[in-house]
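Below you'll find the structure, written out as structure tokens, and then a few comments.
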Amino acid sequence: MTQIIKINENDIKNQDIEKLKKCAESLKKGNLVIFPTETVYGIGASALDEKAAKKIFIAKGRPNDNPLIVHVSSIQMINDICYDINNIEQKIIDTFFPGPITLILKRKNIIPDYVTASLDTVGIRMPENKIAQKLIELANIPVAAPSANISGKPSGTLIDDIIDEFDTKVDYIIDGGISKIGVESTVVKVIDNVVNILRPGKISP
Ligand code: AMP
Ligand code: MG
Numbered sequence: 014m015t016q017i018i019k020i021n022e023n024d025i026k027n028q029d030i031e032k033l034k035k036c037a038e039s040l041k042k043g044n045l046v047i048f049p050t051e052t053v054y055g056i057g058a059s060a061l062d063e064k065a066a067k068k069i070f071i072a073k074g075r076p077n078d079n080p081l082i083v084h085v086s087s088i089q090m091i092n093d094i095c096y097d098i099n100n101i102e103q104k105i106i107d108t109f110f111p112g113p114i115t116l117i118l119k120r121k122n123i124i125p126d127y128v129t130a131s132l133d134t135v136g137i138r139m140p141e142n143k144i145a146q147k148l149i150e151l152a153n154i155p156v157a158a159p160s161a162n163i164s165g166k167p168s169g170t171l172i173d174d175i176i177d178e179f180d181t182k183v184d185y186i187i188d189g190g191i192s193k194i195g196v197e198s199t200v201v202k203v204i205d206n207v208v209n210i211l212r213p214g215k216i217s218p
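Numbering (the numbering used here), first residue to last: 14 to 218.
Here it is, written out as structure tokens:
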């Protein structure tokens, strides 16, 4: 059964996080949790657990060759799963994290092949939304999360649409209100010291 819970950013400020702790536990156990971010809602699973990541592809009807973006809540978490971060990549992190940008970095083997569609890189994003940050921090694991919509449909930003599409398919849906930005993150990759935009998004060239 899917549990739908309402949380707002003030609850986080006031340390009212009991409900969020349950969601974090669920992620750790390998279940799916839908959570708000400033761009769009994400359908999340442990990025360290291949079986959990597979559940995302099944729930969305997402093709296996489409890599997932991995969400983190700290710089330490980035270093746990990526290596060889160069000066330009570091500058992107320092300037835009947390925020609506995804940076492609070299992946350590701790991230299963399934998450990245077997690429040797992984897309990393640190959301600015306080509910998302706290959820990842409490779970204490990187969270793989594409947009919360059935593959091919518009990215999920409205809770009613998300409930229609994912009720019974996930463990928790966290209703954090409407997505502030409503547009996806900009995906960037540094190739030969040049920043390439792989997918346009909120952050302009
Ligand atoms: P979304 O479906 O919104 O979660 O966005 C995922 C998109 O990020 C993918 O469709 C790719 O365009 C991009 N992406 C994720 N990981 C990688 C990667 N390792 N290399 C290149 N692009 C990636
Ligand atoms: Mg999407």
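C-beta atoms are modelled at their ideal positions from N, C-alpha and C, and glycine is treated no differently. Owing to the predicted nature of the structure, the values given are computational and were not obtained by experimental measurement.
| query | result |
| --- | --- |
| The segment 175-190 touching the segment 138-155, judged by at least three CB pairs closer than 8 Å | yes |
| The segment 200-212 touching the segment 104-116, judged by at least three CB pairs closer than 8 Å | yes |
| Residue 191, buried or exposed, once every other Cβ within 10 Å from all chains shown has been counted against 16 | exposed |
| Residue 132 versus residue 140: straight-line alpha-carbon distance, rounded | 23 Å |
| Any non-hydrogen atom of the ligand AMP closer than 7 Å to residue 201 Cβ | no |
| Heavy atoms of the ligand MG versus C-beta positions, residues under 7 Å | 159, 160, 162, 168, 197 |
| CA-to-CA distance, residue 89 to residue 128, given in whole angstroms | 20 Å |
| Residue 117 CB to nearest heavy atom of the ligand AMP below 7 Å | yes |
| Cβ pair residue 49, residue 122 closer than 8 Å | no |
| Stretch-stretch touch, CB-based, cutoff 8 Å, three pairs: the segment 150-170 with the segment 52-59 | yes |
| N-terminal and C-terminal residue of the alpha helix (DSSP H) that residue 110 is part of | Careful: residue 110 lies outside any alpha helix (DSSP H) and carries neither H nor E. |
| Host beta strand (DSSP E) of residue 202 (start-end) | 199-204 |
| DSSP bridge partner residues for residue 96 (one or two, in chain order) | 119 |
| Option nearest residue 195 by Cα separation, candidates 15, 170, 181 | 170 |
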